[in-house]
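Presented below is the structure to which this report refers.
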Amino acid sequence: MAVSRREFMKLSGAGAIALLFGDQFRAFEALAQEKGLDTKIVHTVCQVCSGGCAVKAYVRDGRLVELRGNPDDQISRGILCVKGISGIQWLYDPDRLKFPMKRTNPGKGIGVDPQFVKISWDEAYGIIAQKLNEYKEKFGPESIAFIMRPQDFAKRLAKAIGTPNYFSHHTTCYTTHEVVWGNTVTGTGRPWTTDYANAKYILSFGWDMPGKAKNMQTQHFLAAIDKGAKVTVLDPRYTVTASKANLWIPIKPGADLAFALAMINVIITQNLYDKKFVNDLTVGFDEVKEFIKPYNPQWASKITEVPAATIEKVAKEFATNKPAVIATHKRDAAGPNYANSWRLSHAQIILMALVGNIDRLGGPIMERMPKFPSLDSVYPPPPYPKPKASRIDGMEKFPLLLKTGKGSFGALQNAVLEGKPYPIKAAIIRKHNIFAFPNAPNMVEALKKLEFMVVMDIHPSEMIQMADIVLPDHHPLEGGAISGRQYFGLYPQIGIQQPVIKPLYDTKGFRNIVIDIGKAMGLGDYFKDVSPGGYDDAALKANGYSMEELKKSPNGLLGEPKPFVPKTEFGTPSKKIELYASELKKHGYDPLPAWKEKAAKPSKEFPLYFVTTRPSVFIHSTLQNLEANIQVYPENQCFINTETAKELGVKNGDYVIVESPINKIKVKAKVTEGIRPDTVCVDHGFGHWSKGMTKAYGKGSNEGDIIPARKVQDMLDFNDPSMSDNMNDLCVRVNRA
Amino acid sequence: MAKRYVMIIDLKRCVGCNACTVACKQEWKDKVPSGEFRSRIKEIESGKYPNVTMIYRRTACMHCADAPCVKACPVEPVKASRKTPEGITIVDEKLCVQCGACVEACPYKVRYLNQDNKINDKADSCNFCYPRIQKGEKPACTVNCVGSVFTFGDINDPQVQKKIKMAKSLKPELKTKPSVYYIPFGNRKWDVI
Amino acid sequence: MARSTLYNSFSLCFTYPDENICSWILEGKWLEGMKESLKLLGEESFESHLRPFEEILKGKKEELSLELKREYTRLFINAFPHVVAPPYGSIYLEKEGQVFGKTTPEVLQFYHQSSLAIKEEVKDLPDHLAYELEFMGILANQESQATGGEKIRLEEMQMDFFSRFLLPWVPVFCEKIERNSHSPFYSHLGQLTREFIHLEKNYLGVPEEMNSQKSLEAEIRGG
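Protein chains in written order, with the working numbering: chain S, 826 to 1562; chain B, 4 to 196; chain D, -6 to 216.
Okay, structure coming up:
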């Protein structure tokens, strides 16, 4: 039947389509020129963890097909770890967040369906600006909380709004190291580079980076072993690192401090310390010598249950095998694991100073980073409003932590729940999951008190499920920035981060999102001319480079190897390593690491020590939705000693209930000889109730559910300058399920 | 001289992170069903607390020169389970009749036959990433290893020979002449199947 | 022309129901357009599949609008449980079950060979069902205005694209929607689309051997 086009259009709904879109195509346009699909190698930076390994991304026909380490990168040295290579699965996961969304179900809680609908970025920004300005007006800027890693653009927005409430997870992670190193050696934070490869003796207090396959650290650790380095591991659990060691000491949880103090005692009383280093580069030796007198191996032996002779042997080995290093990173025994962890960090620094190994090859090194300017110096802001309130987590009472700009988590949770000192109405949250908090169910209750949550992330985590507005971030492989080599930097080196593929969906880069929110809120004056690209240009310029140079670099890196010159001056008031920490004393903390027990002790009701860890194939509670990774490690476990298991009638693979004073979880038992009989270990990353985590949903339990969230008063009582959340300072009971 | 591929794994350096397992799974997603593996890490714990040892051992097809799986394959005239000229054991999907004889025959227990999935219902096991080798690339498991655990190459290569001299076969008494070798870590127990 | 109308209508139905598209859906004129097109194609019997929509669209505008937005987001974008039926060809065509698989560049190349490109401002994947349907609509429209060798070429292109990139997965995708949708609109849309694919298969004369649906329900996506 011959019908003219016009007639047909009039007749039918086709006319309605035409009315909507004219004669235009919707998703298509005429092809301007022949577009080949890219096959190329793109240099960028992995960001699954904070390591920042430089990456070579292999793209074929516009698809990412392989990831490898960049051989010229100081950090990755041509290799990527198991999490890094998983980046491909993560990029192409169908469950990734794709568009901004808003919640249409006002109800919130564990497992509650938010009934999201897709919205445009404009609508999202409009709602965010309207809400936040409302709360700012009615309840004060302090009613708005930021929960994300410290980042200059985000901090500017927080300051422009006028809220002091900016929180991060670091009090579960490494603030003990950060505060102690900052006030004994560096004046800033902890050093990230450790030259294990050149060490002759490696001592670990609960450090197990090889067990996480942490890229640079594992490579260097194994290189040291190849060269004949001796390794001693103190850990209640027989970790991967312990399995490579010459000696595994199954130390009682929290007793590491006593061991370390006794080592100091031996090294000083037997005159084994490096006199030149101590004389030239430290202050406070005489105070240490006096202080350490009672802490002899016999004393320590009673607390640690390790023979005095062993303690003495390890101390002597540490002092005589040069260079000797104590391995630390995050969440080790001197990380925020126990109430006395910050003291252990101090004792470790003293030990390394005594053997002359701070900022030396074979030891911990203040990374030689490129100097990146602050955002404020590149784009000077108009004056910020003065916050009218103190932080709700009481961090002003912990000025040494406040200086670092990191933390806190436990205190935040309780303050929000109690609405004291004042209620928080809204939160902007990025890349933090609910599982990162101690006592996750309690955190959910706290979040329910918020009236408005903006959550930014890449995948649908439990935090996203609680959101009012969801903003999808670029996947790291879709984003652009610059990255200084921090986790291993003997000389300044900068890596480029650039999109490996065109972003798949309607995602945005985080820095741009911050600027957009600022402008939408009417705070445009603070973001005039501010751009991420502009900042990156300025940062490169400050190091004598340009973005053009970086983009043209054949290996995606800039920076020439320089000979390593050890420091002879440090970031302290005396310019020396302060064994006796004057800054700690000034603020009312012990200037020397006096012995104190950990907080929780075994009782009849809760007789077992509890520690946690994380499997190598995941990064915390992320990546459990990846098909290959979840098949490798389908469920978390409770590591329990064979004898203890027998007593409880537990066989390998049985389910057990692990109960703490606040909560209980059900976990699969892994019976092993490789753990103290009085200790159990449950690893992290499971118990997902966000059903958006398809493959992981319903498996295992979140061990954080049973870890209590500390209150400000707890930390004041501990007199802990780092507000440590003491994630392993807990005793439990275990029974068959 | 004809190429013959071998793999030597350094047990001292392996940290059991499963990067090789994940790399294999990502490479062969269209061949290996959920729950099955061409390559895995076996954890071998030994001793009594506190005198414990633990070895992480990457375990996959041994590419035996005298392969029981090849002998067991009933398909004629060309076997489904057979050796390539380079000494690699492969399964020809087009010929496999899914009888499971090769799975039974493998003394190392590294083969599987999973007929209940929609991905690959034929007998399957590691093939040293044969399609990659034909393109001049190495097996996916060896590309990113934080331990640099793998040596993979031609047995005639002197560098490879050096490593083989330090290494042992798993259960040599099985007499299958495996092409995968392990460098033990001291005297820590490692040879459990 | 008629087939183009059908394809475009389906394409719009699988596009997020924002204000414009939502009004278009709820107004229901597209049903009339489909009926007209079917008449022109001599497929009046197919009309019975359209009837349920008349009832469905009678609901309260505001309620229906919210229902469509929620359900579209849940079925096709993000959801708790998992995103129910992500509308990207590679997930179903390939065993990996991921987006941007091997077939996605093949779809893009097909578009390019037809002198078409996805607009720069489009922020979604090239093998999204809505775009693939729009593409077929464009080809159908071009074919209806072409003659001779050009017409034959366009017919062959439609057959090729349809049999490689739509037929193998869309029916399975539709079944998933029918089984899991909470919204009558989308469950019926699933059924309607499935029937339409069947119709097109016959119209384009796809030989039986090309009708391969075996092992394409990606196990990974589950039920």
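Note that beta-carbon positions come from the ideal geometry of N, C-alpha and C, so glycine has one too.
A Cβ of chain D is located within less than 8 Å of the beta carbon of residue 32/B.
DSSP places residue 27/B inside the alpha helix (DSSP H), whose first and last residues are 22 to 30. Put simply, of 41/B, 101/B, 7/B and 30/B the residue whose alpha carbon is nearest the alpha carbon of residue 114/B is 41/B. Annotated three-state conformation of residue 952/S is helix, per DSSP. Cβ neighbours of residue 1251/S within its own chain (closer than 8 Å, five residues either side excluded): 956, 957, 960, 968, 969, 970, 1275, 1276, 1277, 1278 and 1279. The straight-line gap separating the alpha-carbon atoms of residue 1257/S and residue 118/B is approximately 41 Å. Listed in chain order, the non-local C-beta contacts of residue 1206/S below 6 Å within the same chain comprise 1351, local neighbours out to five positions each way being set aside. The beta carbon of residue 117/B sits no closer than 8 Å to any beta carbon of chain S. Here residue 951/S has 1345 as same chain residues with Cβ atoms under 8 Å from its own Cβ, once five neighbours each way along the sequence are excluded. For residue 1251/S, the enclosing beta strand (DSSP E) begins and ends at 1251 to 1255. The Cβ-Cβ distance between residue 117/D and residue 917/S does not fall below 8 Å. In this chain, the beta strand (DSSP E) harbouring residue 157/B covers 153 to 157. The beta carbon of residue 1292/S sits closer than 6 Å to the beta carbons of 1278 and 1280 from its chain, once the five residues preceding and following it are set aside; these are given in chain order.
With respect to the 8 Å criterion, residue 18/D and residue 853/S are not classified as neighbours on the basis of their beta carbons.
When secondary structure is reduced to three states using DSSP, residue 62/D falls in the helix class. Neighbours of residue 87/D in chain B, taken as residues whose beta carbon is under 8 Å from its own, are 33 in chain order.
Residue pairing for residue 970/S: DSSP places it in a beta bridge opposite 1252/S. Looking at the DSSP output, residue 892/S shares a beta bridge with 882/S. For residue 1237/S and residue 7/D, the gap between their C-alpha atoms comes out near 44 Å. Between the C-alpha atoms of residue 97/D and residue 120/D there is a straight-line separation of about 6 Å.
For residue 29/D, the three-state secondary structure derived from DSSP is helix.
With 16 or more other CB atoms across the displayed protein chains lying within 10 angstroms of its CB, residue 1434/S is buried. Between the alpha carbons of residue 1175/S and residue 1157/S lies a distance of about 17 Å. Taking a cut-off of 8 Å on C-beta distances, the segment 1126 to 1136 of chain S does not touch the segment 1092 to 1107 of chain S, as fewer than three cross pairs fall below it. At the C-beta level, residue 873/S and residue 909/S come within 8 Å of one another. By DSSP's assignment, residue 171/B forms a beta bridge with 185/B. Of all residues in the segment 53 to 68 of chain D, the ones placed with a Cβ closer than 8 Å to any Cβ belonging to chain S are 59, 62, 63, 65, 66 and 67, in chain order. For residue 875/S, the number of other beta carbons within 10 angstroms of its own is below 16, and it is reported as exposed.
Residue 1368/S: not part of any alpha helix (DSSP H); DSSP gives it neither H nor E.
At a cut-off of 8 Å between beta-carbon atoms, residue 1135/S makes no contact with chain B. When rounded, the separation of the alpha-carbon atoms in residue 55/B and residue 1423/S is 27 Å. Straight through space, the alpha carbons of residue 184/D and residue 198/D are spaced by roughly 21 Å. Assigned with DSSP and collapsed to three states, residue 1298/S falls in strand. When rounded, the separation of the alpha-carbon atoms in residue 47/B and residue 1066/S is 15 Å. With a threshold of 8 Å between beta carbons, residue 132/D makes no contact with chain S. Where residue 188/D is concerned, the enclosing alpha helix (DSSP H) starts and stops at 177 to 197.
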